[in-house]
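In the working numbering, the protein residues as written are 680 to 976.
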């Protein structure tokens, strides 16, 4: 695979190497009862020390929370239960997205649930190739998870990755949705979610994770200053209030609220399993080109 085939291939590979090292570091760092804010900052700092940048705030989602939970600047939540660690690394905007789950309470159901999502990811990668109809990837995930008597989460999906875009273009289903779109060359995150629940997520409270939605002229001086910082530092990548409080202090919270009300920023909701079943997640980023597939994470 050459640079001519996929833009940024060397950056993807470098970000992938960093992500693999950070995952190993995270597995050693995450312990029961450790504050989530401490875990998040250690993981994000490790990404920077290795030469990358966080592609989004690390997600640390417990039990029935499936996604979009990152600790706020004054968060007191501690690691417990079935914890998903979802992290992203980028080099010059070329993004790697990867995740794993940990059982922090020595619970057999947790362990089996984690195994289900990991096996589903493995099976999905085995069938993934250039030109495959994407329903077949979803079917491999669904059949694997249901063989463990769990359910895949149907309204969460894998996704194509683009420069400075975590969710770009094609989505990769976690069940057979009969979508006959064929997979082209590119970089994709495949991420099965397995649950003891109904297999759907609902939107819950605000996550404090934001993304720039629309540029508009604004008069508020503080909001204008913070918006300029966001545009320069994060561009179209997600960021969180915790990062801005570290940079500007708690006054940034007023600016974020203003920018959200003006619909300049979008605040992601925390996603919770509809029937409050526990959720596990496994995720790799893969690169597909010239009928070859390479797992980057």
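Quick reminder that beta carbons are idealized off the backbone N, C-alpha and C, glycines included.
Exposure label - residue i; buried when at least 16 CB within 10 Å
i: residue 959; result: buried
i: residue 876; result: buried
i: residue 969; result: exposed
i: residue 946; result: buried
i: residue 896; result: exposed
i: residue 776; result: buried
i: residue 761; result: buried
i: residue 861; result: exposed
i: residue 682; result: Residue placement at residue 682 cannot be trusted, given a pLDDT of 40 that sits under 50; what the coordinates show is reported in the next sentence. Per the 10 Å Cβ criterion, exposed.
Residue i versus residue j - alpha carbon distance
i: residue 910; j: residue 892; result: 11 Å
i: residue 873; j: residue 901; result: 43 Å
i: residue 976; j: residue 722; result: 16 Å
i: residue 833; j: residue 881; result: 11 Å
i: residue 919; j: residue 790; result: 30 Å
i: residue 784; j: residue 685; result: 42 Å
i: residue 813; j: residue 748; result: 28 Å
Three-state class that DSSP yields for residue i in the structure shown
i: residue 923; result: helix
i: residue 960; result: strand
i: residue 754; result: coil
i: residue 767; result: strand
i: residue 778; result: strand
i: residue 912; result: helix
i: residue 837; result: strand
i: residue 859; result: coil
i: residue 666; result: The question about residue 666 has no answer, for the chain in this structure spans 680 to 976.
i: residue 681; result: A caution first: residue 681 carries a pLDDT of 41, below 50, which makes its placement in the model too unreliable to give a value.
i: residue 895; result: coil
Distance between beta carbons of residue j and residue i, contact taken as under 8 Å
i: residue 868; j: residue 835; result: Not confirmed; about 11 Å, so no contact.
i: residue 957; j: residue 792; result: 6 Å
i: residue 823; j: residue 795; result: 7 Å
Reference residue i, options the options, closest by Cα
i: residue 878; options: 950, 919, 714 and 904; result: 950
i: residue 757; options: 768, 771, 742 and 770; result: 742
i: residue 964; options: 687, 698, 833 and 919; result: 698
i: residue 782; options: 763, 775 and 796; result: 763
i: residue 855; options: 935, 819, 898 and 734; result: 819
i: residue 978; options: 894, 736, 972 and 915; result: The structure shown does not extend to residue 978, since the chain spans only 680 to 976, so no value can be given for it.
i: residue 744; options: 912, 883 and 831; result: 883
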